[in-house]
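Asker: Residue 1 is where the sequence shown starts when you use this note's numbering, and the numbers rise one by one after that.
To start, I am sharing the structure in question, which I have written as structure tokens.
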Amino acid sequence: MAISLSRFAVAGLAVASVLVATAGPAQAVSDKTIKIPGGRGWMTFYDDGDMFQVCDTLADGHGVSGRLIDNDYNEKLYLTDGGDSGCSKKEGYNVGQLGSYQMQLSWNGDGYDVKSEWFNE
């Protein structure tokens, strides 16, 4: 009886170590882009350098605003674009592994919002 209990204990430890080794946070393994429908604009996270950029792509008199928020809903970065040619300047924010982040993009015409999935590195 003692032998079979020790086998269960060894098997349980093996399973637990596999689960710990494979569990981890979501990875920001590549660039991420969210877009407002109708070709109004986009927001991109560039993984190389942790840079963010927004772009107003429709000449409708309204711009776009992008936000990066953390998992406590604190705004970490705010970008806006509109009224000119080209896109916003790229701005950096160090996206780390200790928290989760979400990009939120708004069309400044009616407040239409799109959101990314939560991510980190």
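Just so it is clear, CB atoms sit at the ideal spot from N, CA and C, and this is done for glycine as well.
Let me make sure I understand the geometry here. Which of D31, S30, K35, G41 has the alpha-carbon closest to that of D86?
Answerer: Position 86 of the sequence shown, counted from the start, is the residue given in the question as residue 86. The question names Asp, yet the displayed sequence has Gly at residue 86. With distances taken between Cα atoms, G86 lies closest to G41.
Asker: DSSP on V95, reduced to helix/strand/coil?
Answerer: Locating residue 95 in the sequence shown gives position 95, where the first residue counts as 1. Residue state, collapsed to three classes: coil.
Asker: Which word fits Y101, buried or exposed, when buried means at least 16 other C-beta atoms lie within 10 angstroms of its C-beta?
Answerer: What you label residue 101 is simply residue 101 of the sequence shown in a count that begins at 1. Its Cβ being crowded by 16 or more others within 10 Å, Y101 is buried.
Asker: Mind reading off the beta-carbon distance from G66 to V54? Whole number of angstroms is fine, and I expect it under 8 Å.
Answerer: Along the sequence shown, one-based indexing puts residue 66 at 66. Along the sequence shown, one-based indexing puts residue 54 at 54. Correct: roughly 4 Å between the Cβ atoms.
Asker: Mapping the DSSP letters down to three states, classify S106 as helix, strand or coil.
Answerer: Against the sequence shown, residue 106 aligns to sequence position 106. Three-state DSSP puts S106 in a strand.
Asker: What residue does the beta strand (DSSP E) around D56 start on, and which one ends it?
Answerer: Counting from one through the sequence shown, the residue named residue 56 turns up at place 56. That run of the beta strand (DSSP E) goes 51 to 56.
Asker: Measure the C-alpha to C-alpha separation of D48 and G109 and round it to an integer number of angstroms.
Answerer: By one-based count along the sequence shown, residue 48 stands at place 48. By one-based count along the sequence shown, residue 109 stands at place 109. Roughly 32 Å separates the two Cα atoms.
Asker: Could you compute how far the alpha carbon of G63 sits from the alpha carbon of F45?
Answerer: Along the sequence shown, read from residue 1 onward, the residue named residue 63 stands at position 63. Along the sequence shown, read from residue 1 onward, the residue named residue 45 stands at position 45. Rounded to whole angstroms, G63 to F45 spans 19 Å at the Cα level.
Asker: Using alpha carbons as the reference points, say which of M51, L98, F119 lies closest to K89.
Answerer: On the sequence shown, residue 89 is found 89 positions in, with the first residue counted as 1. Nearest of M51, L98, F119 to K89, Cα basis: M51.
Asker: For E121, does the three-state DSSP call read helix, strand or coil?
Answerer: Taking the first residue of the sequence shown as position 1, residue 121 is located at position 121. Looking at E121 - three-state DSSP - the assignment turns out to be coil, as it is neither helix nor strand.
Asker: Sorted by chain position, which residues of the same chain lie with C-beta nearer than 6 Å to Y78's C-beta, five sequence neighbours on each side aside?
Answerer: Mapped onto the sequence shown, residue 78 falls at position 78. Counting only Cβ-Cβ distances below 6 Å, and skipping sequence neighbours, we find R67.
Asker: State the CB to CB distance for the pair D81 and D56, rounded to an integer number of angstroms; the pair is presumed to be in contact (CB under 8 Å).
Answerer: On the sequence shown, residue 81 is found 81 positions in, with the first residue counted as 1. On the sequence shown, residue 56 is found 56 positions in, with the first residue counted as 1. Confirmed, about 5 Å.
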